[in-house]
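Worksheet: one structure, shown below.
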Amino acid sequence: MKRNGLKYGVLVLLLAVVAYNSVYFRKLDEVKAKGATSKFDAAAYAEAFWKTKLLPDSGKAVELIALIQQLKTDKDKAFEAHSHALSIGNLRYFLVRGTGKITAIGDHDVTVMLSNGSEITIATEYVFGNAARDASGLISLTEFDNTMDLNNVSAELNKIIRNRVVAPFKASAKTGQQIRFIGAVELNREHLHTDAIEVIPIRI
Amino acid sequence: MNKLMKYKIIPVFLLLIGLLMAGSCQKSSGEQGPKKVAVIISTLNNPWFVVLAETAAAQAKSLGYEAKIFDSQNNTALETDHFENAIVSGFDAILFNPTDADGSVVNVLKAKEAGIPVFCMDREVNSAKAATSQILSDNYAGCVAIGKYFVQTMPKKAAGTTINYVEILGLVGDNNTWNRSKGFHSVVDLYPNLKMVAQQSADFDRNKALEVVESILQAHPEIEGIFCGNDAMAMGAYQAVMAAGKAKEIKVYGFDGAQDVIESISNGKIMATGLQSPQTMAKTAAIYADEFFKGKRDFPPKMPVAVELVSQANITDYSALTKRN
Chain P
209 MKRNGLKYGV LVLLLAVVAY NSVYFRKLDE VKAKGATSKF DAAAYAEAFW KTKLLPDSGK
269 AVELIALIQQ LKTDKDKAFE AHSHALSIGN LRYFLVRGTG KITAIGDHDV TVMLSNGSEI
329 TIATEYVFGN AARDASGLIS LTEFDNTMDL NNVSAELNKI IRNRVVAPFK ASAKTGQQIR
389 FIGAVELNRE HLHTDAIEVI PIRI
Chain Z
159 MNKLMKYKII PVFLLLIGLL MAGSCQKSSG EQGPKKVAVI ISTLNNPWFV VLAETAAAQA
219 KSLGYEAKIF DSQNNTALET DHFENAIVSG FDAILFNPTD ADGSVVNVLK AKEAGIPVFC
279 MDREVNSAKA ATSQILSDNY AGCVAIGKYF VQTMPKKAAG TTINYVEILG LVGDNNTWNR
339 SKGFHSVVDL YPNLKMVAQQ SADFDRNKAL EVVESILQAH PEIEGIFCGN DAMAMGAYQA
399 VMAAGKAKEI KVYGFDGAQD VIESISNGKI MATGLQSPQT MAKTAAIYAD EFFKGKRDFP
459 PKMPVAVELV SQANITDYSA LTKRN
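Going down the list, the protein sequences come from chains P and Z. Read in order, the letters of the first sequence are residues 209 to 412 in the working numbering. Read in order, the letters of the second sequence are residues 159 to 483 in the working numbering.
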């Protein structure tokens with residue numbers, strides 16, 4: 209009887225050890241993140257793209273006032289001539305430049321009045337999306353096997369913009385100040401609103 | 159004797175030549191007919207995938223090809239049968255919506271070995287070299303836009319005050335689930351006052367989402383936002399929130415651009431969704447097949463299709479979508 213009890217006790221203990229080591233809890237996103245290791249260095253790619261392609265090429269940006277005018281008169285031609293996007297669909301990106309006077313400084317953006325009187329905003333808080341990556345048309349989709357690498361390039365470029373462009377701009381911007389800017393703009397070809405243009409700054 | 163043999167051989171020889179010529183004529187007339195395109199779809203039980211299948215077949219037909227739709231009924235084994243059938247029946251290209259990112263790779267490779275190009279639509283297979291090209295919604299970028307809107311629309315509170323939210327994931331084994339989640343978190347995680355108190359899967363299913371959110375609300379009644387990996391789950395989550403009498407306190411966000419969610423955004427119930435375009439993906443896949451037949455070979459391994467944010471801020475732009483069907 210005593211021996212049987214000992215036997216069952218050892219068995220229960222063994223089962224408990226096996227059960228304890230068989231089940232464990234981990235966060236779902238941690239498991240997925242571990243499996244999705246990529247060799248591509250998005251930060252290095254974004255840094256090189258920023259320095260050797262985007263900034264040197266920013267002189268080719270289209271004048272924003274002229275672009276807005278063309279979008280109003282011949283939308284299709286404006287999109288055809290000046291927009292780029294790595295994805296297919298309605299969302300397209302423009303590399304633009306302009307000059308204007310700061311009329312308001314908000315928590316999330318700075319409002320600038322262009323020389324023709326129209327107002328645009330320069331994003332200072334929500335710098336996200338693919339505008340900086342796609343607007344110049346200098347990145348080719350065939351360079352990438354993996355779309356996550358492309359997404360990471362966007363995230364790294366936006367990080368560069370937040371740190372090197374937005375931070376000093378926010379610190380120095382004053383109402384009434386005249387500024388010159390180069391930036392990227394996202395517009396929807398099907399649902400176009402030229403009265404609410406937001407520029408992701410690239411150089412100010 | 160020899161002469162007799164000669165006379166006997168001649169008709170046999172002529173008959174053989176005749177048969178050979180008939181065979182070759184039949185083959186050449188087969189080769190001259192239109193090329194055949196197979197459209198193999200994960201399931202035709204979901205209207206979204208019906209649109210994908212029918213648009214792909216219609217586009218292939220409009221380009222001058224024969225097209226046939228195969229329904230895999232969310233069953234990878236049945237999908238394998240369809241691939242074998244397509245290979246044996248002499249289909250020239252496959253427009254493909256996989257049942258499983260990993261399990262479907264072997265089917266795509268079989269077609270590749272048989273020299274048949276495969277163009278994936280909407281769902282990807284986990285192999286960079288198997289498919290000729292994969293035309294996929296830009297889930298990540300779509301959820302970056304939703305994440306940005308989420309941050310903009312969460313209640314503004316005093317500095318240091320935490321806002322709790324919940325994420326409802328789709329199928330854990332599906333790449334789209336994680337691309338959406340990563341896009342959302344690439345924005346929201348930059349705001350430390352936004353705290354995710356629960357992250358659970360509801361398998362892209364409305365009823366499961368209802369149950370999961372009901373249970374979460376018991377443990378975390380204070381949450382103020384729910385981000386769902388698709389619209390079906392957003393509808394289930396909203397139902398749970400309504401039942402708990404918290405529709406005004408908790409904001410729900412989805413993804414897909416389903417008609418009922420677009421209508422709910424229009425009615426001020428759901429906050430936003432990401433509008434995918436099955437038509438664009440299907441048409442592009444058929445056009446790629448056409449280009450392949452004409453000799454093009456340098457296709458992008460993955461072609462993203464833009465996802466548009468539809469929110470309470472821009473719902474008037476998409477009012478036409480509330481009147482579909």
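By construction, the Cβ of each residue, glycine as well, lies at the ideal position given by its N, Cα and C atoms. Quick caveat: nothing in here was measured; it's all calculated off a predicted structure.
#### Entry: Residues near residue 179 of chain Z in its chain [Cβ-Cβ closer than 6 Å; skip 5 each side]
As a working mapping, residue 179 of chain Z is identified with position 21 in the second sequence. Only weak support exists for where residue 179 of chain Z lies, its pLDDT of 44 falling under 50; the coordinates are left without a value.
### Inter-residue Cα distance where the pair is residue 394 of chain Z and residue 209 of chain Z
As a position in the second sequence, residue 394 of chain Z is number 236, starting the count at 1. As a position in the second sequence, residue 209 of chain Z is number 51, starting the count at 1. Residue 394 of chain Z and residue 209 of chain Z: Cα-Cα distance of roughly 23 Å.
### Task
Step through the CB atoms of chain P and report whether any lies within less than 9 Å of the CB of residue 475 of chain Z.
Reading the second sequence from its first residue, position 317 is the one you call residue 475 of chain Z. Taking Cβ atoms only, chain P reaches closer than 9 Å to residue 475 of chain Z, which makes this a yes.
### Task
Mind checking the segment 347-381 of chain P against chain Z and listing, in chain order, the residues whose C-beta falls within less than 8 Å of any C-beta there?
Result list: 349, 350, 352, 353, 354, 355, 356, 358, 359, 362 and 363.
### Beta-carbon gap between residue 462 of chain Z and residue 291 of chain P smaller than 9 Å
Within the second sequence, numbered from 1, the residue matching residue 462 of chain Z stands at position 304. Within the first sequence, numbered from 1, the residue matching residue 291 of chain P stands at position 83. Going by C-beta atoms, residue 462 of chain Z is not nearer than 9 Å to residue 291 of chain P.
#### Entry: Nearest residue (CA-CA) to residue 450 of chain Z, options Z:472, Z:383 and Z:218
For this step, residue 450 of chain Z is matched to residue 292 along the second sequence. Considering only alpha carbons, the answer is Z:218.
### Task
Please determine, among P:340, P:356 and P:351, the residue with the shortest C-alpha to C-alpha distance to residue 294 of chain Z.
On the second sequence, residue 294 of chain Z is found 136 positions in, with the first residue counted as 1. Closest by alpha carbon: P:356.
### Task
Give the straight-line distance between the Cα atoms of residue 285 of chain Z and residue 273 of chain Z, rounded to the nearest whole angstrom.
For the purposes of this step, residue 285 of chain Z is identified with residue 127 of the second sequence, where counting begins at 1. For the purposes of this step, residue 273 of chain Z is identified with residue 115 of the second sequence, where counting begins at 1. Approximately 17 Å, taken between the alpha carbons.
### Task
Could you tell me the distance, in whole angstroms, from the CA atom of residue 402 of chain Z to the CA atom of residue 367 of chain Z?
For the purposes of this step, residue 402 of chain Z is identified with residue 244 of the second sequence, where counting begins at 1. For the purposes of this step, residue 367 of chain Z is identified with residue 209 of the second sequence, where counting begins at 1. For residue 402 of chain Z and residue 367 of chain Z, the distance between alpha carbons rounds to 14 Å.
### Task
With distances taken Cα to Cα, identify the nearest neighbour of residue 318 of chain P among P:303, P:304, P:412 and P:262.
Position 110 of the first sequence holds residue 318 of chain P. When each option's Cα is compared against that of residue 318 of chain P, the closest is P:412.
### Query
Is residue 323 of chain P buried or exposed, if buried means 16 or more other CB atoms sit within 10 Å of its CB?
Working through the first sequence from its first residue, we reach residue 323 of chain P at position 115. Under this definition residue 323 of chain P is an exposed residue.
#### Entry: Endpoints, alpha helix (DSSP H) assigned at residue 305 of chain Z
Indexing the second sequence from 1 puts residue 305 of chain Z at position 147. Start and end: 297-311.
### Query
Closer than 9 Å, CB to CB, is residue 288 of chain Z near chain P or not?
Residue 288 of chain Z sits at position 130 when you count from the first residue of the second sequence. Closer than 9 Å: no.
### Task
Could you work out which residues of chain P lie near residue 373 of chain Z, taking near to mean beta carbons separated by less than 8 Å?
For the purposes of this step, residue 373 of chain Z is identified with residue 215 of the second sequence, where counting begins at 1. Near residue 373 of chain Z there are no residues of chain P at all, since even the closest Cβ is about 16 Å away, more than 8 Å.
### Query
Just reading off the beta strand (DSSP E) that residue 359 of chain Z is part of, what are its end residues?
Reading the second sequence from its first residue, position 201 is the one you call residue 359 of chain Z. Here the beta strand (DSSP E) through residue 359 of chain Z covers 352-359.
### Query
Is it the case that the Cβ atoms of residue 458 of chain Z and residue 350 of chain P are separated by a distance below 9 Å?
Position 300 of the second sequence, counting from 1, holds the residue named residue 458 of chain Z. Position 142 of the first sequence, counting from 1, holds the residue named residue 350 of chain P. Yes, Cβ-Cβ distance for residue 458 of chain Z and residue 350 of chain P is below 9 Å.
### Query
Which residues in the same chain as residue 215 of chain Z place their Cβ atom closer than 7 Å to its Cβ, once the five residues preceding and following it in sequence are excluded?
As a first step, residue 215 of chain Z must be located in the second sequence, where it is residue number 57. Excluding positions up to five away in sequence, the list reads 197, 225 and 227.
### Message
In the DSSP output, what is residue 329 of chain P paired with across the bridge?
### Response
Your numbering for residue 329 of chain P matches position 121 in the first sequence. Answer by DSSP bridge pairing, in chain order: P:319 and P:406.
### Task
Taking a Cβ distance cut-off of 8 Å, strictly less, list which residues of the segment 276-299 of chain P are near chain Z, in chain order.
Under the 8 Å Cβ criterion, the segment 276-299 of chain P contributes 293, 294, 295, 296, 297, 298 and 299.
### Message
Run through chain Z and tell me which residues come within less than 9 Å of residue 337 of chain P, C-beta to C-beta.
### Response
If you number the first sequence from 1, residue 337 of chain P lands on position 129. In chain order: 299, 302, 303 and 306.
### Message
Closer than 8 Å is the cut-off here; do at least three beta carbon pairs connect the segment 439-456 of chain Z with the segment 365-380 of chain P?
### Response
no
### Query
Which residues mark the beginning and the end of the beta strand (DSSP E) in which residue 430 of chain Z is found?
As a working note, residue 430 of chain Z is residue 272 in the second sequence. Per DSSP, residue 430 of chain Z belongs to the beta strand (DSSP E) from 430-433.
### Query
How about residue 241 of chain Z and residue 279 of chain Z: do their beta carbons lie closer than 9 Å?
The residue you call residue 241 of chain Z lines up with position 83 of the second sequence. The residue you call residue 279 of chain Z lines up with position 121 of the second sequence. No.
### Message
How far does the alpha helix (DSSP H) with residue 211 of chain Z in it extend, from its first residue to its last?
### Response
Here residue 211 of chain Z corresponds to residue number 53 of the second sequence, with the count starting at 1. That run of the alpha helix (DSSP H) goes 205-220.
### Query
What first and last residue would you give for the alpha helix (DSSP H) that runs through residue 458 of chain Z?
Within the second sequence, the letter at position 300 stands for residue 458 of chain Z. Unbroken run through residue 458 of chain Z: none, as it is neither H nor E.
### Residues near residue 475 of chain Z in its chain [Cβ-Cβ closer than 6 Å; skip 5 each side]
Here residue 475 of chain Z corresponds to residue number 317 of the second sequence, with the count starting at 1. Correct list: empty, nothing qualifies.
#### Entry: First through last residue of the beta strand (DSSP E) which encompasses residue 196 of chain Z
Translated into positions along the second sequence, residue 196 of chain Z becomes position 38. Per DSSP, residue 196 of chain Z belongs to the beta strand (DSSP E) from 194-199.
### Query
Hey, would you say residue 306 of chain P sits closer than 9 Å to residue 388 of chain P, going by beta carbons?
Here residue 306 of chain P refers to the residue found at position 98 of the first sequence. Here residue 388 of chain P refers to the residue found at position 180 of the first sequence. Contact: yes.
### Message
I'd like to know if residue 263 of chain Z contacts chain P, where contact means its C-beta is closer than 9 Å to some C-beta of that chain.
### Response
Stepping through the second sequence from its first residue, residue 263 of chain Z is reached at position 105. So, not an interface residue.
### Query
What did DSSP end up calling residue 373 of chain Z once you bin it into helix, strand or coil?
For the purposes of this step, residue 373 of chain Z is identified with residue 215 of the second sequence, where counting begins at 1. Helix, per DSSP.
### Query
In the segment 207-288 of chain Z, which residue ranges form an unbroken beta strand (DSSP E) of at least 3 residues, counting only runs that do not cross its ends?
224-229, 251-254 and 276-279
### Task
Report, in whole angstroms, the separation of the C-beta atoms of residue 419 of chain Z and residue 431 of chain Z, which I expect to be a contact under 8 Å.
Stepping through the second sequence from its first residue, residue 419 of chain Z is reached at position 261. Stepping through the second sequence from its first residue, residue 431 of chain Z is reached at position 273. Residue 419 of chain Z to residue 431 of chain Z, Cβ: 5 Å. Contact.
### residue 341 of chain P burial status per 10 Å Cβ neighbour count (16 or more: buried)
The count along the first sequence starts at 1 and reaches residue 341 of chain P at position 133. Under this definition residue 341 of chain P is a buried residue.
### Closest Cα partner of residue 115 of chain Z within the set Z:260, Z:256 and Z:251
Residue 115 of chain Z lies beyond the residue range present for chain Z, which begins at 159 and ends at 483; the question has no answer from this structure.
### Message
Given a cut-off of 9 Å on the beta-carbon distance, is the pair residue 393 of chain P and residue 339 of chain P in contact?
### Response
Counted from its first residue, the first sequence places residue 393 of chain P at position 185. Counted from its first residue, the first sequence places residue 339 of chain P at position 131. Cβ atoms of residue 393 of chain P and residue 339 of chain P: closer than 9 Å.
### Query
For residue 267 of chain Z, which residues of its own chain have a beta-carbon under 6 Å away from its beta-carbon, when the five flanking residues on both sides are left out?
Position 109 of the second sequence, counting from 1, holds the residue named residue 267 of chain Z. Excluding sequence neighbours, residue 267 of chain Z sits near 288.
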